[in-house]
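Per the working numbering: the sequence shown = residues 382 to 1028.
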Amino acid sequence: MATDTLKSTTGASAPSGLRRLLLDNGALTALIVLAVALSALSGDFLTTDNLLNIGVQAAVTAILAFGVTFVIVSAGIDLSVGSVAALTSTVLAWSATQSGMPVALAVVLAIATGVGAGLINGFLIAYGKLPPFIATLAMLSVARGLSLVISGGVPITFPASVSHLGDTLGGWLPVPVLVMVAMGLIAALVLGRTYIGRSMYAIGGNEEAARLSGLRVNRQKLAIYALSGVFAAVAGIVLAARLGSAQPQAADGYELDAIAAVVIGGASLAGGTGKASGTFVGALILAVLRNGLNLLNVSAFWQQVVIGVVIALAVLLDAVRRKAGATPVAGAGGPKGKQAATYGLAAVVTVAVVGATSFLHSGSTSSAHPKMGLSLSTLNNPFFVQIRAGAEAEAKKRGVDLTVTDAQNDASQQANQLQNFTSSKLGAIIVNPVDSDAASNSVKAADRAGIPVVAVDRGVNKASIDALIASDNVAGGELAARSIGEKLGGKGKIVILQGQAGTSAARERAAGFAKGLKAYPGIRVVAQQPADFDRTKGLDVMSNLLQSHPDVQGVIAANDEMALGAIKALGSKAGKSVAVVGFDGTPDGLSAVKGGTLYASVAQQPSQLGRIAVDNALEAVHGKKVQPMVKVPVKVVTKQNVAGFSG
382 MATDTLKSTT GASAPSGLRR LLLDNGALTA LIVLAVALSA LSGDFLTTDN
432 LLNIGVQAAV TAILAFGVTF VIVSAGIDLS VGSVAALTST VLAWSATQSG
482 MPVALAVVLA IATGVGAGLI NGFLIAYGKL PPFIATLAML SVARGLSLVI
532 SGGVPITFPA SVSHLGDTLG GWLPVPVLVM VAMGLIAALV LGRTYIGRSM
582 YAIGGNEEAA RLSGLRVNRQ KLAIYALSGV FAAVAGIVLA ARLGSAQPQA
632 ADGYELDAIA AVVIGGASLA GGTGKASGTF VGALILAVLR NGLNLLNVSA
682 FWQQVVIGVV IALAVLLDAV RRKAGATPVA GAGGPKGKQA ATYGLAAVVT
732 VAVVGATSFL HSGSTSSAHP KMGLSLSTLN NPFFVQIRAG AEAEAKKRGV
782 DLTVTDAQND ASQQANQLQN FTSSKLGAII VNPVDSDAAS NSVKAADRAG
832 IPVVAVDRGV NKASIDALIA SDNVAGGELA ARSIGEKLGG KGKIVILQGQ
882 AGTSAARERA AGFAKGLKAY PGIRVVAQQP ADFDRTKGLD VMSNLLQSHP
932 DVQGVIAAND EMALGAIKAL GSKAGKSVAV VGFDGTPDGL SAVKGGTLYA
982 SVAQQPSQLG RIAVDNALEA VHGKKVQPMV KVPVKVVTKQ NVAGFSG
């Protein structure tokens, strides 16, 4: 199921029966081992809710991977599927809501967008003779850019009639799982029963031989990449339906997961081999790994290491198969009876061993310490690192077992983490949403399970939470604008470095900047560009802006990281002829304030946010009344008061 059926080239050197079974079904074997190990290590893994969570979490990656399977079997690559998924969901949401188009027609337009992107890829590769890597890399950028242009960088609420794709049937069976299974069956049918499927194997095996045998290779490549676009479009719709909104930054990096699932499932990047069933197993392995590592409270950073090791081992297994003297039979699935017996044996072994390991947890008692989960939007930012530090310090002080996860600015990944928290029956959940709309469905699920939810720094829309612990981003933005206005005496040219498009913090701070600058009509904003809350991008963007605006007198950055990048670009001008104002009050930012290169930082006291969030979550666990809104004051820190600021 998980890898291609192999045929021995010599009888003498053929591997033993057991070795052959393991080599031919390496991914399936790995999945069984993972299930058994995680069942033994975590009593929360083998529950109905958690297994359904795994299915939902695998759905989008699997659907993308089915489409990528077509491309890899034909010896190509498609790096654009994640961006195409985001573009198609944005097209659907914009067409059905803002343009007033009927939903059915909007769905057709979204699918057509995926087909169009695939056809462009195919044309560039088949007729433009571009390497697949280059052509699809270009489409990755184009599709993501168009998604941001259409949405204006702001998530668009998904039509209610399509949002049901993210719901459940009968209150328990997730629709995304059904869509995944349906798309998997279609992929298997295309690969195994159609002319285009046989063409994929022929092109991947030997393109020149396929051409000489009369196959219209260029036309087939157009169809292959168009099919990949269709599957990407369906994946984008399912993802947006699950989140309740089309996110312009959705599915970022998912193309790598899709390719990994195909490779783990036994396909060769050299082309000519691969099966839909193997891809399905590969996607499940990735989902099970992430789910299990979340349940075991493994750092998100180490999770990336583990995923990378698994991919490397999958490629190594392919090399071992080839060195064992076996030759892949393109597209073959082996004798149906033998294959069915293998699947049946795998199922029986898995159920028996997993059932046995479940007894390890049957007599366990609940921990004496309350358990909580904290899902942060990212840990690649000092502000959120400080929130984690404050939360962990308070949890240790109060005797709370706190599990911290990193969503890496991916709303879908955060939804997975919140679902894992819910299925683990934690006492409370603390969430710092990547996007306030996208977190709503997961928070509603926690509410239905009776788990208190506390939001920190950013609220959750269209869902009930017990408390919001936050400073006012809009008010902070106004303070930043007032600071720059007073420093420049009410007149001058400034630039604004915006945060990551689509995030609530970026929108709210930008709104605060605009509101505060209205009081200073003499100040002219000559440029506004996003730098994604990143120091390096802040440096690059500011360097570029200085080429066209060398006489700029002030900079407002939506966080300290971008402000520090701008200071580097400004060089000796920073703090002298150009005033720079940041946001967050991070340690590096405060050091720059002390040094005089950063004029001011609007400090939010992030460690206090984390501490207060844990306190309120603990109160909610004990059934006590908590305030629905707890405001942590923001403060403008300058060189005059930085020495007395504790953070």
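Every residue, glycine too, gets a C-beta built ideally from N, C-alpha and C.
- Residue 471 sits close to residue 532, with the two beta carbons spaced by under 9 Å.
- Partner residues in the beta bridge of residue 911, as assigned by DSSP, are 879.
- Between the stretch 945 to 953 and the stretch 569 to 586, the count of C-beta pairs closer than 8 Å stays below three; the two stretches do not touch.
- DSSP places residue 964 in no alpha helix (DSSP H) but in the uninterrupted beta strand (DSSP E) bounded by 960 to 965.
- Following the DSSP letters along the chain, one finds residue 1019 inside the beta strand (DSSP E) bounded by residues 1016 to 1019.
- By the criterion of a C-beta distance shorter than 6 Å, residue 858 is surrounded in its chain by 890, 893 and 894, once the five residues flanking it on both sides are discounted.
- Secondary structure in the stretch 572 to 607: the alpha helix (DSSP H) runs of 4 residues or longer, each lying completely within the stretch, are 576 to 586 and 588 to 593 in chain order.
- Excluding residues up to 5 positions away in sequence, 513 lie with their Cβ nearer than 6 Å to the Cβ of residue 457 in the same chain.
- Setting aside the 5 residues that flank it on each side, residue 854 is surrounded in the same chain by 886, 889, 890 and 893, each with a C-beta closer than 7 Å to its C-beta; the list follows chain order.
- Contact check for residue 983 against residue 956 fails: the beta carbons are separated by 9 Å or more.
- Per DSSP, the continuous alpha helix (DSSP H) segment holding residue 543 begins and ends at 541 to 544.
- The three-state secondary structure of residue 513, taken from DSSP, is helix.
- Pairing residue 987 with residue 534 gives a Cβ-Cβ distance that is not under 9 Å.
- Residue 849: not part of any alpha helix (DSSP H); member of the beta strand (DSSP E) spanning 848 to 851, first to last residue.
- In the DSSP annotation of this structure, the continuous segment of the alpha helix (DSSP H) that includes residue 971 starts and ends at 968 to 976.
- The DSSP-derived three-state label of residue 935 is strand.
- Of the candidates 691, 588, 676 and 623, the residue whose Cα lies closest to the Cα of residue 638 is 691.
- Secondary structure note for residue 500: it is in no beta strand (DSSP E), and the uninterrupted alpha helix (DSSP H) holding it is 484 to 507.
- Comparing alpha carbon positions, the residue from 559, 796 and 866 closest to residue 818 is 796.
- Rounded to whole angstroms, residue 667 and residue 439 show a C-alpha spacing of 8 Å.
- Secondary structure note for residue 841: it is in no alpha helix (DSSP H), with a DSSP letter that is neither H nor E.
- By the Cβ criterion, the stretch 622 to 633 is not in contact with the stretch 500 to 515, since fewer than three pairs of Cβ atoms, one from each stretch, lie closer than 8 Å.
- Annotated as proximal: residue 646 and residue 661, with beta-carbon spacing under 9 Å.
- In the DSSP assignment, residue 450 falls within the unbroken alpha helix (DSSP H) covering 429 to 454.
- Exposed is the label assigned to residue 429, since fewer than 16 other Cβ atoms lie within 10 Å of its Cβ.
- Note on geometry: alpha-carbon atoms of residue 920 and residue 825 lie some 40 Å from one another.
- When C-beta atoms of the stretch 410 to 423 are compared with those of the stretch 771 to 787, fewer than three pairs fall below 8 Å, so the two segments do not count as touching.
- Every alpha helix (DSSP H) of 4 residues or more that sits fully in the stretch 618 to 664 is shown, in chain order, as 635 to 645.
- Inter-segment contact for the stretch 626 to 637 and the stretch 459 to 477 is present: three or more beta-carbon pairs are separated by less than 8 Å.
- For residue 1012, the number of other beta carbons within 10 angstroms of its own is below 16, and it is reported as exposed.
- Counting along the chain, residue 982 sits inside the beta strand (DSSP E) bounded by residues 981 to 984.
- The Cβ atoms of residue 876 and residue 998 lie no closer than 9 Å to each other.
- Residue 460 carries a coil assignment under DSSP once its states are collapsed to helix, strand and coil.
- In its chain, beyond the 5 residues on either side, 848 and 997 have a beta carbon closer than 8 Å to the beta carbon of residue 1008.
- Counting along the chain, residue 756 sits inside the beta strand (DSSP E) bounded by residues 752 to 757.
- In the same chain as residue 828, and ignoring 5 residues on each side of it, the C-beta atoms closer than 8 Å to its own belong to 834, 844 and 845, in chain order.
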